[in-house]
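Q:
There are 2 protein chains.
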Amino acid sequence: MSTVAENDLASYCHSVARRAKVASRLLCALSTEVKNHWLIESSKRLESSADQILLANQSDLANASILGLSTAAIDRLTLTHGRIGKIALGLREIATLPDPIGELIDGSTRPNGLEISKVRVPLGVLFFIYESRPNVTADAAAIAVKSGNAIILRGGKEAIHSSRAIIEVMQSTACDFGIPPDAIQLVETTDREAVGEFLKLNQWIDLVIPRGGKSLIRRVVAEATMPVLKHYDGNCHIYVDQHANLGMSLQVIENAKCQRMGVCNALESLVVHRSIAANFLPKLELQMSGNGVELRGDVESQTHLKKGVLATEDDWSAEYLGPILSIRIVGSLDEAIAHINQYSSHHTDGIMTSDLSSARTFATLVDSAAVVVNASTRFNDGGELGMGAEIGISTDKLHARGPCGLRELTTYKYIVYGNGHVRT
Amino acid sequence: MSTVAENDLASYCHSVARRAKVASRLLCALSTEVKNHWLIESSKRLESSADQILLANQSDLANASILGLSTAAIDRLTLTHGRIGKIALGLREIATLPDPIGELIDGSTRPNGLEISKVRVPLGVLFFIYESRPNVTADAAAIAVKSGNAIILRGGKEAIHSSRAIIEVMQSTACDFGIPPDAIQLVETTDREAVGEFLKLNQWIDLVIPRGGKSLIRRVVAEATMPVLKHYDGNCHIYVDQHANLGMSLQVIENAKCQRMGVCNALESLVVHRSIAANFLPKLELQMSGNGVELRGDVESQTHLKKGVLATEDDWSAEYLGPILSIRIVGSLDEAIAHINQYSSHHTDGIMTSDLSSARTFATLVDSAAVVVNASTRFNDGGELGMGAEIGISTDKLHARGPCGLRELTTYKYIVYGNGHVRT
Numbered sequence: 082m083s084t085v086a087e088n089d090l091a092s093y094c095h096s097v098a099r100r101a102k103v104a105s106r107l108l109c110a111l112s113t114e115v116k117n118h119w120l121i122e123s124s125k126r127l128e129s130s131a132d133q134i135l136l137a138n139q140s141d142l143a144n145a146s147i148l149g150l151s152t153a154a155i156d157r158l159t160l161t162h163g164r165i166g167k168i169a170l171g172l173r174e175i176a177t178l179p180d181p182i183g184e185l186i187d188g189s190t191r192p193n194g195l196e197i198s199k200v201r202v203p204l205g206v207l208f209f210i211y212e213s214r215p216n217v218t219a220d221a222a223a224i225a226v227k228s229g230n231a232i233i234l235r236g237g238k239e240a241i242h243s244s245r246a247i248i249e250v251m252q253s254t255a256c257d258f259g260i261p262p263d264a265i266q267l268v269e270t271t272d273r274e275a276v277g278e279f280l281k282l283n284q285w286i287d288l289v290i291p292r293g294g295k296s297l298i299r300r301v302v303a304e305a306t307m308p309v310l311k312h313y314d315g316n317c318h319i320y321v322d323q324h325a326n327l328g329m330s331l332q333v334i335e336n337a338k339c340q341r342m343g344v345c346n347a348l349e350s351l352v353v354h355r356s357i358a359a360n361f362l363p364k365l366e367l368q369m370s371g372n373g374v375e376l377r378g379d380v381e382s383q384t385h386l387k388k389g390v391l392a393t394e395d396d397w398s399a400e401y402l403g404p405i406l407s408i409r410i411v412g413s414l415d416e417a418i419a420h421i422n423q424y425s426s427h428h429t430d431g432i433m434t435s436d437l438s439s440a441r442t443f444a445t446l447v448d449s450a451a452v453v454v455n456a457s458t459r460f461n462d463g464g465e466l467g468m469g470a471e472i473g474i475s476t477d478k479l480h481a482r483g484p485c486g487l488r489e490l491t492t493y494k495y496i497v498y499g500n501g502h503v504r505t
Numbered sequence: 082m083s084t085v086a087e088n089d090l091a092s093y094c095h096s097v098a099r100r101a102k103v104a105s106r107l108l109c110a111l112s113t114e115v116k117n118h119w120l121i122e123s124s125k126r127l128e129s130s131a132d133q134i135l136l137a138n139q140s141d142l143a144n145a146s147i148l149g150l151s152t153a154a155i156d157r158l159t160l161t162h163g164r165i166g167k168i169a170l171g172l173r174e175i176a177t178l179p180d181p182i183g184e185l186i187d188g189s190t191r192p193n194g195l196e197i198s199k200v201r202v203p204l205g206v207l208f209f210i211y212e213s214r215p216n217v218t219a220d221a222a223a224i225a226v227k228s229g230n231a232i233i234l235r236g237g238k239e240a241i242h243s244s245r246a247i248i249e250v251m252q253s254t255a256c257d258f259g260i261p262p263d264a265i266q267l268v269e270t271t272d273r274e275a276v277g278e279f280l281k282l283n284q285w286i287d288l289v290i291p292r293g294g295k296s297l298i299r300r301v302v303a304e305a306t307m308p309v310l311k312h313y314d315g316n317c318h319i320y321v322d323q324h325a326n327l328g329m330s331l332q333v334i335e336n337a338k339c340q341r342m343g344v345c346n347a348l349e350s351l352v353v354h355r356s357i358a359a360n361f362l363p364k365l366e367l368q369m370s371g372n373g374v375e376l377r378g379d380v381e382s383q384t385h386l387k388k389g390v391l392a393t394e395d396d397w398s399a400e401y402l403g404p405i406l407s408i409r410i411v412g413s414l415d416e417a418i419a420h421i422n423q424y425s426s427h428h429t430d431g432i433m434t435s436d437l438s439s440a441r442t443f444a445t446l447v448d449s450a451a452v453v454v455n456a457s458t459r460f461n462d463g464g465e466l467g468m469g470a471e472i473g474i475s476t477d478k479l480h481a482r483g484p485c486g487l488r489e490l491t492t493y494k495y496i497v498y499g500n501g502h503v504r505t
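Respectively, the protein sequence lines represent chains A and B.
Here the first sequence stands for residues 82 to 505, where the numbers follow this note's numbering.
Here the second sequence stands for residues 82 to 505, where the numbers follow this note's numbering.
(1) Drop a sphere of 10 angstroms on the beta-carbon of ALA392(A), count the other beta-carbons inside from all chains shown, and report buried for 16 or more, exposed for fewer.
(2) Cβ closer than 7 Å: which chain A residues qualify as neighbours of ILE197(B)?
(3) Assess contact between the segment 245-255 of chain B and the segment 287-305 of chain B, defined as three or more Cβ pairs (one per stretch) separated by less than 8 Å. Is contact present?
(4) Does the beta carbon of LEU487(A) come closer than 8 Å to any beta carbon on chain B?
(5) Taking one C-beta from the segment 257-269 of chain B and one from the segment 303-320 of chain B each time, how about it: are there three or more such pairs within less than 8 Å?
(6) For SER425(B) and SER449(B), which I take to be in contact (beta-carbon distance under 8 Å), what is that distance rounded to the nearest angstrom?
(7) Among ILE247(B), VAL226(B), LEU402(B), which residue has its Cα nearest to the Cα of ILE165(B)?
(8) Ignoring anything shorter than 4 residues, give me the alpha helix (DSSP H) runs that lie fully in the segment 291-338 of chain B, in order along the chain.
(9) Can the beta-carbon of LEU160(B) be found closer than 8 Å to that of PRO215(B)?
(10) Are there 16 or more other CB atoms within 10 angstroms of the CB of THR492(B), so buried, or fewer, so exposed?
(11) Please name the residue or residues paired with CYS94(A) in a DSSP beta bridge.
(12) Can you tell me which residues form a DSSP beta bridge with ASP187(A)?
(13) Using DSSP bridges, identify the partner residues of ASP430(B).
(14) Per the DSSP calculation, PHE209(B) is bridged to which residue(s)?
(15) For TYR211(A), is the beta carbon positioned less than 7 Å from some heavy atom of the ligand NAD?
(16) To the nearest whole angstrom, what separates the beta carbons of ARG355(A) and VAL411(A), a pair I think is in contact under 8 Å?
(17) Which class does GLU349(B) belong to by DSSP, given the choice of helix, strand or coil?
(18) Using a Cβ distance threshold of 8 Å, determine whether the segment 135-151 of chain B contacts the segment 179-186 of chain B, with at least three qualifying pairs required.
(19) So, is the C-beta of ALA450(B) closer than 8 Å to a C-beta in chain A?
(20) Residues in its own chain within less than 7 Å of THR218(B) by CB, not counting five upstream and five downstream?
(21) If you measure beta-carbon to beta-carbon, which residues of the segment 209-240 of chain B are closer than 8 Å to chain A?
(22) To the nearest angstrom, how far is the alpha carbon of GLY507(A) from that of GLY343(A)?
(23) For the alpha helix (DSSP H) that GLU381(B) lies in, which residues bound it at each end?
(24) Go through its chain and collect everything with a Cβ distance to GLU278(B)'s Cβ below 7 Å, but skip five positions before and after it.
(25) Check distances from the C-beta atoms of the segment 134-158 of chain A to those of chain B and list, in chain order, the residues that come in under 8 Å.
(26) Got a sec: which bits of the segment 307-326 of chain A sit with their beta carbon under 8 Å from any beta carbon on chain B, in order along the chain?
(27) Between GLY378(A) and LEU386(A), how many whole angstroms is the CB-CB distance? I'm expecting something under 8 Å.
(28) Consult DSSP for GLU174(B) and reduce its assignment to one of helix, strand or coil.
(29) So what's SER401(A) in DSSP terms, helix, strand or just coil?
(30) Using a Cβ-Cβ cut-off of 8 Å, state whether HIS242(B) counts as contacting chain A.
(31) ASP430(A) and VAL454(A): beta carbons closer than 8 Å?
(32) Applying the criterion that 16 or more other CB atoms from any shown protein chain within 10 Å of the CB defines a buried residue, is THR384(B) buried or exposed?
(33) Could you tell me the boundaries of the alpha helix (DSSP H) in which HIS420(B) lies?
(34) If we ignore side chains and look at the alpha-carbon of each, how far apart do GLY205(B) and ALA221(B) end up?
(35) Beta-carbon separation of GLY473(A) and LEU297(A) under 8 Å?
(36) Output needed for ARG100(B): all residues of its chain with C-beta closer than 6 Å, excluding positions within five of it in sequence on either side, in chain order.
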């Protein structure tokens, strides 16, 4: 028997999801003009409502120490006039992006005169689970509506007051533009069971996007009855080819490994051609020790390293997200590609080489969402690839691969016009 | 403890899937020319090997009565010189289709000089479960290789000899063109457990495509650890608007309902505007009774029908696949759209109208893979939409929607060229 509280929670979640679906039926027909005006006006009103938003943020900050947040987490949670200005700027930037909805992807007139259009349309309703950053609330709501989707926002409880203040401004602006406020709903309960309830509702929710730790994503994949847009790991490699510019390689590797260690496109593993290992690895060790990075190499690499630690089989699959780099020595490009295809999480893998044929072979045969030649793995990012705003990144192959922006939140339909056509 | 036989089966399935993955690493780099030459030469050799294939088909036909196949099933299983000629023609037609692999989907040079390409690439390994039709074996193998994918073919046991004979010809031709024969593997065991084993192997298999009854598809969705390309139902509607040409409507409805009743794009439910019901429904009843089709209508429709059966709530969701048509009367376009969005399986839904605004509103707001204006629902088919060969149809929204041809068996990757670029 379920308790009254459970029934209440289920009926709350049902109501949110059902209302989101109803809103999505109107959103799919909104003009680009209305969506952009809403974004620009929301941007203005967020700035003019800064004092209220900061007040709400104070409530969250007051709870932060009770919740035991780290200094870094408190920093991410903290809003200022400057940060609200950046959130507002983000909305204006999304207004400048091309509207994917209505794009004619393909079309033809068949020999029998039937007119076929393949047209880009919204997915419908998104369920977005994310970390406690108030800016993500505004960003996700903006990306959803611009791509014609309704969104159910489930942020961390740490930021609930700030997120509510932001969404209230965007909802009231929506009303003024004829956009149903149910298009952007914040989950008002912080009950952990609510996530499980929403994950059952595939009659109303078309896609779930979990952002957070691996255990959250595993739980969502296990429980979701609708598709999940996700990535688990970023075990990113760089292969230093025998034809690599070693100075350039050191710079790129330092950036890929050290610029931000805790992110999914950071470098975790180096594959090095045997013919340059003796020359390259001591230089790398000097540079990496200066950055406090431990090197875990295979047996052969140990002869070139002073303080190398012997790598185990687990190291080849590890996403350290910290100051460790694994090293594998190979005898050929083919061997490098085989190693990467076996152990990579297929997020981002790179090659350093001045040889065109090696670059092209690597780009063709490495089966990853992004393959990078002579550049840092850190460039696999929606902004850096020129997509504008992104809501997440996918290491799956189906539907969307790599950074997911407006277009990745759409599907298509065939629209067929005839004049009494029948099939013979 | 698993038995020896279970271990044997598992290791057989592992071996097939692993070899398919290895083959797929080579397939992704095959030139269009090689793939097309293989298709054309396979086509020739299927025709020149017709006697052997017919002999193998005799073995299947000899088993057909033991297996208790219906007359229709035996007809689908039976090969003739003419049918082998059609299979061969199918391969030559696939050779003429554009190769999706290597298509530059999008690209730009970023302000920092980084060159970004979004390039279409194969998915990898497909696991295809299908009914016992030998022509589908050849077709699926051809579509897979043309789209750069390896395929594991699990056909019905009824056609195993015919399928094996066809695949042997295509594999030996593959060898002559440097295409790994493991690219097209027929599952050699008819053990039902083999499907379950393959569905576990997401380290090697990228997509499963089940074609068959709903219970098979449900089982595959429940057990698969990789994405599934599928459709369950085709509960297709036509809405006869108040501005419809009634003569044209009768012709289109007859075609949609009666041309082939057992297919997924056949008409199952009619939605009729109140203002034309009294005029239209008696004509419809006359026509449908001539086709042996029973009408199951709502209460209001009964006043216009002589022999109408009262519909129940279940009728609105039913896919009859036979001589029954449900009828609902509505007072407006909005009501028609709401009914269809609620009960449709989102496969194919149509409107009959001469009013442009109604047609456009219906096309925008009906959330189905294909929306058809003034034409039969039977046109939602890869061939009819001009896609060439198709391997299945999807009512999902993610990845692919509607008929799935070569392009729907692909994904993309980002290829990024730099010159020592680092992120700042």
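Heads up, the beta-carbon is just placed ideally off N, CA and C, and yes, glycines get one too.
As the structure is a computational prediction, the values presented were derived from the model and not from experiment.
A: Reading it off the structure:
(1) If you number the first sequence from 1, residue 392(A) lands on position 311. Burial call: buried.
(2) Translated into the one-based positions of the second sequence, residue 197(B) becomes position 116. Within chain A, the C-beta atoms nearer than 7 Å to that of ILE197(B) come from LEU466, GLY467, in chain order.
(3) Segments in contact, no.
(4) Looking up residue 487(A) in the first sequence gives position 406. Chain B has no Cβ within less than 8 Å of the Cβ of LEU487(A).
(5) Cβ pair count under 8 Å is below three, so no.
(6) Counting from 1 along the second sequence, the entry for residue 425(B) is found at position 344. Counting from 1 along the second sequence, the entry for residue 449(B) is found at position 368. Beta-carbon to beta-carbon, SER425(B) and SER449(B) are separated by about 6 Å, close enough to satisfy the 8 Å threshold.
(7) The sequence position of residue 165(B) within the second sequence is 84, counting from 1. Of the candidates ILE247(B), VAL226(B), LEU402(B), the one whose C-alpha sits nearest the C-alpha of ILE165(B) is ILE247(B).
(8) Fully enclosed alpha helix (DSSP H) runs of 4 or longer: 295-304.
(9) In the second sequence, the residue the question calls residue 160(B) occupies position 79. In the second sequence, the residue the question calls residue 215(B) occupies position 134. The Cβ atoms of LEU160(B) and PRO215(B) sit closer than 8 Å to each other.
(10) The count along the second sequence starts at 1 and reaches residue 492(B) at position 411. Label assigned to THR492(B): buried.
(11) If you number the first sequence from 1, residue 94(A) lands on position 13. Under DSSP, CYS94(A) shares a beta bridge with no residue.
(12) Start at 1 with the first residue of the first sequence, and residue 187(A) comes out as number 106. Beta-bridge annotation (DSSP): ASP187(A) is paired with LYS199(A).
(13) Along the second sequence, read from residue 1 onward, the residue named residue 430(B) stands at position 349. DSSP output for ASP430(B) lists HIS318(B), VAL452(B) as bridge partner(s).
(14) Along the second sequence, read from residue 1 onward, the residue named residue 209(B) stands at position 128. Residue pairing from DSSP places PHE209(B) in a beta bridge opposite LEU234(B), ILE290(B).
(15) The ligand NAD is not part of the structure shown, which contains no ligands of any sort.
(16) Residue numbering aside, residue 355(A) sits at position 274 when the first sequence is read from its first letter. Residue numbering aside, residue 411(A) sits at position 330 when the first sequence is read from its first letter. 7 Å between Cβ atoms; contact.
(17) For this step, residue 349(B) is matched to residue 268 along the second sequence. Strand at GLU349(B).
(18) In this structure the segment 135-151 of chain B does not lie against the segment 179-186 of chain B, because fewer than three pairs of beta carbons, one per stretch, are closer than 8 Å.
(19) What you label residue 450(B) is simply residue 369 of the second sequence in a count that begins at 1. Yes - at least one Cβ of chain A is within 8 Å of the one on ALA450(B).
(20) Mapped onto the second sequence, residue 218(B) falls at position 137. For THR218(B), the CB contacts under 7 Å within the same chain, skipping 5 residues up- and downstream, are LEU234, GLY236, SER244, ILE247, ILE248 in chain order.
(21) In summary, no residue of the segment 209-240 of chain B has a CB separated from any CB of chain A by less than 8 Å.
(22) A question about residue 507(A) goes unanswered here, because the residues of chain A that appear run from 82 up to 505.
(23) For the purposes of this step, residue 381(B) is taken as the residue at position 300 of the second sequence. Membership of GLU381(B) in the alpha helix (DSSP H) is indicated by the continuous run 380-383.
(24) In the second sequence, the residue the question calls residue 278(B) occupies position 197. Same-chain partners within the cutoff: LEU90, ALA91, CYS94.
(25) Within the segment 134-158 of chain A, no residue qualifies.
(26) Those would be PRO308, ASN326, in chain order.
(27) Locating residue 378(A) in the first sequence gives position 297, where the first residue counts as 1. Locating residue 386(A) in the first sequence gives position 305, where the first residue counts as 1. About 6 Å; that satisfies the 8 Å criterion.
(28) On the second sequence, residue 174(B) is found 93 positions in, with the first residue counted as 1. Three-state result, GLU174(B): helix.
(29) If you number the first sequence from 1, residue 401(A) lands on position 320. One point to set straight first is that residue 401(A) is Tyr, not Ser, in the sequence displayed. TYR401(A) carries a coil assignment under DSSP once its states are collapsed to helix, strand and coil.
(30) Position 161 of the second sequence, counted from the start, is the residue given in the question as residue 242(B). For HIS242(B), the answer is no, since every Cβ of chain A falls outside 8 Å of its Cβ.
(31) On the first sequence, position 349 is the one that residue 430(A) refers to. On the first sequence, position 373 is the one that residue 454(A) refers to. Inclusion of ASP430(A) and VAL454(A) in the CB contact set at 8 Å is not warranted, their separation being larger than that value.
(32) For the purposes of this step, residue 384(B) is taken as residue 303 along the second sequence, with counting starting at 1. With a 10 Å radius around the Cβ and a threshold of 16 neighbouring Cβ atoms, THR384(B) comes out exposed.
(33) Sequence index remark: in the second sequence, residue 420(B) carries index 339 (1-based). Segment 414-424, the alpha helix (DSSP H) holding HIS420(B).
(34) Within the second sequence, residue 205(B) is the residue found at index 124, counting from 1. Within the second sequence, residue 221(B) is the residue found at index 140, counting from 1. A direct Cα-to-Cα measurement between GLY205(B) and ALA221(B) gives close to 14 Å.
(35) Counting from one through the first sequence, the residue named residue 473(A) turns up at place 392. Counting from one through the first sequence, the residue named residue 297(A) turns up at place 216. Annotated as distal: GLY473(A) and LEU297(A), with beta-carbon spacing of 8 Å or more.
(36) Taking the second sequence and counting its residues from 1, the one referred to as residue 100(B) is at position 19. ASP263, listed in sequence order.
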